[in-house]
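As structure tokens, the structure follows; a few thoughts come after it.
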Amino acid sequence: MRARIIKDFRFEAAQTLPNLPGEHKCTKMHGHSFKVEIAVEGEVDPKIGWVYDHAEISKAMKPIIDRLDHSYLNEVEGLENPTIEYMAGWLWKKLAPQLPGLCEIVIYETPSARCVFRGEF
């Protein structure tokens, strides 16, 4: 049996998007209440009954959330142009070595705007 588990995380951060045309509103400093979904997929262990321990996802995300929460994202190495697309790729590179079966990262910058990334660079 295969299954996918998903764990949600939230953080608040400021950003500017410096590569947009000068008149775009997102070139100005602004902030978001980000929501991140981390999905891991694999075979359900028949003995314990789960794919992966949610606590391991939390452990991998803790230093990342600690770094991003209430930060200016443009000052984070690798996020100088912190679009949600680039943020998803940045997260993937940090998490993939620690989370076997990582299959999807979804980042919401608003309740209705999000990016889905499945590790294709």
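So in this note's numbering, spot 85 of the sequence shown is number 104, and the numbers just go up one at a time. All C-beta atoms in this analysis are idealised placements derived from N, C-alpha and C, irrespective of residue type, glycine included. Bear in mind the structure is a predicted one, so any value in this text is a computation, not a measurement.
Check                                                                                                                                        : Outcome
Beta-carbon proximity of residue 118 to residue 59, cut-off 7 angstroms                                                                      : yes
Contacts around residue 7, its chain only, beta-carbon distance under 6 angstroms, and the 5 residues preceding and following it disregarded : Because the chain is modelled from 20 through 140, residue 7 falls outside the range shown and cannot be assessed.
Residues sharing a beta bridge with residue 91, DSSP                                                                                         : 33
Option nearest residue 90 by Cα separation, candidates 34, 139, 82                                                                           : 34
Sequence-distant residues of its chain with Cβ nearer than 6 angstroms to residue 29 (five each side left out)                               : 54
Reduced DSSP secondary structure (H/G/I, E/B, other) of residue 115                                                                          : coil
Buried/exposed call for residue 130, threshold 16 Cβ in 10 Å                                                                                 : exposed
Where residue 27 falls: helix, strand or coil (DSSP)                                                                                         : strand
Cβ pair residue 110, residue 79 closer than 7 angstroms                                                                                      : no
C-alpha gap between residue 93 and residue 136, whole angstroms                                                                              : 20 angstroms
6 angstroms Cβ shell around residue 87 - same chain, five flanking residues per side excluded                                                : 30, 32
Residue of 73, 48, 138 minimising C-alpha distance to residue 100                                                                            : 48
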